[in-house]
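**Q** Going left to right, the sequence shown walks through residues -23 to -1, 1 to 334 as mature numbering (1 follows the signal peptide of the UniProt record, and there is no 0) numbers them. One structure is given below, represented as structure tokens, and several questions about it will come after.
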Amino acid sequence: MAVLSLSGALLAVVAALAGKAAAQLPQAALPVQTLVTFGDSYTDQSRLTYFNANHSYPPLHYQEVYPPGAFAANGGASWVRYAEMYGNIQSYNYAVSGAACSNALTGKPGQGAAVFTDGYFPGVQDYEIGAFTADWVLPSFGGTYFNLLNPLTTVYSLWIGTNDVGVNSLLTGNQTAGVTIVNVTECAISWMQQMYTYGARRFLLQNMIPLNLAPVYAIGADPLDHYWPVVHNRTDYNIQLQELVMSGNALWDLQVPAALTSLPGASAAVFNSYGLFTDMYNNPSAYLNGTAPLNVTGYYAHSDSTGGNVYFVNDSPDSFLFYDGLHPSEQASRQVAKEIVKTLNRTSSYATYYGIW
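This is how it looks when you write it as structure tokens:
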């Protein structure tokens, strides 16, 4: 954490205390100024890249000290970058590509960052929350934590689930024994509860997209992708994945408002990523704008079964809903950003709001 002078630290604590107290009062929500994001490759800009390139953990205040320059998994800038521009807000991004909500539930040992415990991907519970608290939360004093970000104008978002329900996880039976989709969705609620203890009061949960439409999971015949380089029953797994995603999203619709009953002063929104991506799939001309024919079933960046020999099918990535077999395109990410900004302003038709938002 950046070093503060004694007077600066005291002022920060006083401000945090005042903000925390004010956050408990029933009042109209203030405009959002700060967005703190958690999740996986759908949100990460460069944290996993840093882990792998430097064989070390990103430093404190990584985003501010080392502005990310790497391409996100969509081939360009993550939706968070666009939300900053569209909404004139400050963001702090703690998402890590490959992340599960918890490695204790759906971790993939030996497949993630070599420097991380047992080669797991740094997960939400296993790394991301801790990275945030190291940057912004003062040590506990009398059992109370002080968050240096204003709770009235800061929203904390989580977009997770893609790695928890897919290949090498729930879909293929590779989760920890006994773990189900219920445990995965409850993990996201645990994130809310933990962040609440650190001073968060406004939450945004982005539910799972229709992963059965992603090329790597779609029924249509396609060359083996490096995300799933073995022959498998595409139809059977496609149906199972759709059931997992829809069940998980339905559980969140129940769990989020239920969780708020034990979080005084908190509010939340559930963003319907599933609905947005379904609309983009069914009506691409309203969302995609490339110069080539619009394409929602294929993808822009192809590779061999090892992830090498990458080639692009044309020079119009914005014509595609998916950048590669698993990840939405940058143009799709722009659409996510637009709707998230609307959600922050309580004007998105894709969001359901709970409490004073």
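Positions of the beta carbon are idealized from the N, C-alpha and C atoms, including for glycine. Values in this document were obtained by computation on a predicted structure and should not be read as measured data.
For Q67 versus Q102, is the C-beta spacing smaller than 8 Å?
**A** Not a contact, by the Cβ cut-off of 8 Å.
**Q** Does DSSP put L182 in a helix, a strand or coil?
**A** The answer is strand: DSSP assigns L182 an E or B state.
**Q** Helix, strand or coil, according to DSSP, for A247 in the structure here?
**A** Checking the displayed sequence, the identity of residue 247 turns out to be Val instead of Ala. The answer is strand: DSSP assigns V247 an E or B state.
**Q** Return the first residue and the last residue of the beta strand (DSSP E) that residue 343 is part of.
**A** It is not possible to answer for residue 343, since the shown part of the chain is limited to -23 through 334.
**Q** What residue does the alpha helix (DSSP H) around V73 start on, and which one ends it?
**A** Neither: V73 is in no alpha helix (DSSP H) and is coded neither H nor E.
**Q** Beta carbon of D295, beta carbon of L253: below 8 Å?
**A** No, the Cβ-Cβ distance between D295 and L253 is not below 8 Å.
**Q** Who are the Cβ neighbours of T110 in its own chain at under 7 Å, not counting the five residues just before and after it?
**A** Around T110: Y175.
**Q** Does the Cβ of Q312 have 16 or more other Cβ atoms within 10 Å, making it buried, or fewer, making it exposed?
**A** With 16 or more Cβ atoms within 10 Å of its Cβ, Q312 is classed as buried.
**Q** Closest to A243 by C-alpha separation, out of Y276, I137, Q183, Q170, would be which residue?
**A** Closest option to A243, Cα to Cα, is Q170.
**Q** How should T26 be labelled, buried or exposed, when 16 other C-beta atoms within 10 angstroms of its C-beta is the threshold for buried?
**A** Buried, by the Cβ-count rule.
**Q** With H, G and I counted as helix, E and B as strand and the rest as coil, what does DSSP make of A314?
**A** Helix, per DSSP.
**Q** Measuring straight from C-alpha to C-alpha, what distance separates L7 and K319?
**A** Cα to Cα, the separation comes out at about 14 Å.
**Q** Is there contact between the segment 72 to 79 and the segment 159 to 166, where contact requires at least three CB pairs shorter than 8 Å?
**A** Flag = yes, the segment 72 to 79 and the segment 159 to 166 touch.
**Q** Under the rule that 16 or more other beta-carbon atoms within 10 Å means buried, what is M62, buried or exposed?
**A** Label assigned to M62: exposed.
**Q** When DSSP labels each residue in this structure, what does V42 get in the three-state scheme?
**A** Correct three-state label for V42: helix.
**Q** Indicate whether the contact test is met: 3 or more Cβ pairs, each with one atom in the segment 188 to 202 and one in the segment 32 to 44, closer than 8 Å.
**A** No, because fewer than three Cβ pairs between the segment 188 to 202 and the segment 32 to 44 fall closer than 8 Å, the two stretches do not touch.
**Q** Since Y104 and V114 are thought to touch, with beta carbons under 8 Å apart, how far apart are those beta carbons, to the nearest angstrom?
**A** About 15 Å; that fails the 8 Å criterion.
**Q** At 3 residues or longer, what runs of the beta strand (DSSP E) sit wholly inside the segment 213 to 296?
**A** As far as the segment 213 to 296 is concerned, its whole beta strand (DSSP E) runs of at least 3 residues are 244 to 248.
**Q** Take the Cβ of L37 as the centre, count every other Cβ of all protein chains shown within 10 Å, and call the residue buried at 16 or more, exposed below.
**A** Classification for L37: exposed.
**Q** Check each candidate in I216, Q88, S306, Q219 and name the one with the smallest Cα separation from G267.
**A** Closest by alpha carbon: S306.
**Q** Excluding the 5 residues preceding and the 5 following S308 in the sequence, name in chain order all residues of the same chain whose CB lies nearer than 6 Å to its CB.
**A** Checking the displayed sequence, the identity of residue 308 turns out to be Gln instead of Ser. Excluding positions up to five away in sequence, the list reads L265, D295.
**Q** In its own chain, which residues sit with a C-beta less than 6 Å from the C-beta of Y19, not counting the 5 before and 5 after it?
**A** If we look at Y19 and ignore the five residues flanking it on each side, its Cβ neighbours are W136.
**Q** Quickly, what does DSSP pair F93 with across the bridge? List them, please.
**A** Paired residue(s): none; F93 is not in a bridge.
**Q** Grab me the residues of T283's own chain with a C-beta within less than 7 Å of its C-beta, minus the 5 sequence neighbours each way, in chain order.
**A** Same-chain partners within the cutoff: H203.
**Q** Below 7 Å CB to CB, which residues in the same chain sit around V156 once its five sequence neighbours on both sides are set aside?
**A** Closer than 7 Å at the Cβ level, and outside the excluded window around V156, lie L82, T83.
**Q** Distance, Cα to Cα, N249 vs Y277?
**A** Looking at the two C-alpha atoms, the distance is approximately 25 Å.
**Q** Would you call the CB atoms of S280 and V290 closer than 8 Å?
**A** Not in contact: S280 and V290 (Cβ atoms no closer than 8 Å).
**Q** So which of Y173, L182, R211 has the shortest CA-CA distance to N189?
**A** Closest option to N189, Cα to Cα, is R211.
**Q** Would you call the CB atoms of P192 and T274 closer than 8 Å?
**A** Yes, Cβ-Cβ distance for P192 and T274 is below 8 Å.
**Q** Going by Cα to Cα distance, which pick from P241, L221, E220, A245 is closest to Q232?
**A** For the residues P241, L221, E220, A245, the minimum Cα distance to Q232 belongs to A245.
**Q** Please check the pair L221 and L148, which I expect to be a contact at CB under 8 Å, by giving their CB distance rounded to whole angstroms.
**A** Contact holds; Cβ gap of about 7 Å.
**Q** Quick one: using the 10 Å Cβ neighbour count with 16 as the cut-off for buried, is R323 buried or exposed?
**A** By the 10 Å Cβ count, R323 comes out exposed.
**Q** Using only CA atoms, which one of A5, G285, G150 lies nearest to Y214?
**A** For the residues A5, G285, G150, the minimum Cα distance to Y214 belongs to G150.
**Q** Thinking C-alpha only, which one of M185, P261, A5 is nearest G225?
**A** Comparing Cα-Cα distances from G225 to each of M185, P261, A5, the minimum goes to M185.
**Q** Are the beta-carbon atoms belonging to I216 and W56 less than 8 Å from one another?
**A** Going by C-beta atoms, I216 is not nearer than 8 Å to W56.
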